[in-house]
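Some notes on the structure that comes next.
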Amino acid sequence: MLYLPWRNKTRDLKGSDGFYKTQYFKFKPKFAEKMDAYEPNMDEYSQAVQKLEDNGPPEDGWANLAPQTEEQQHEDVAEGSRDDPDFEAITPAADRNC
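The following block contains the structure:
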């Protein structure tokens, strides 16, 4: 009900049956235009959430975000580089055995 001006929660936001849902559906056409202005990508967002719920997270999601990182890690391991002991406290335990 963020898109509807109100002063009294009981009188303005709750329907005659005492539920917010009633008022929401009553005024939905009135503030649909405001919703579109504040949530321009709602359709894409809903599709992405549905896709995530249906398929789960992508296995190569991190590779899409930073594709060079995995290659760099393999190069570092091949060269025999090690983490600096001064920074062990901030290195996640899973990455220490690379």
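Just add 38 to the spot in the sequence shown (first one is 1) and you have my numbering. Glycine residues also receive a C-beta, built at the ideal position from the N, C-alpha and C atoms.
What is the DSSP secondary structure of residue i, counted as helix, strand or coil?
i    : result
G118 : coil
E97  : coil
D74  : helix
Y41  : coil
N79  : coil
N102 : helix
F57  : coil
K52  : coil
T107 : helix
What's the C-alpha gap between residue i and residue j?
i    : j    : result
T60  : P105 : 48 Å
D121 : E108 : 16 Å
N46  : I128 : 50 Å
E82  : Q88  : 10 Å
H97  : Q110 : For the record, residue 97 in the displayed sequence is Glu; it is not His. Distance between the alpha carbons of E97 and Q110 is about 19 Å.
L51  : Y58  : 6 Å
W100 : Q85  : 20 Å
Please identify the residue among the options whose C-alpha is closest to the C-alpha of residue i.
i   : options                  : result
F69 : A101, F125, P43 and D124 : P43
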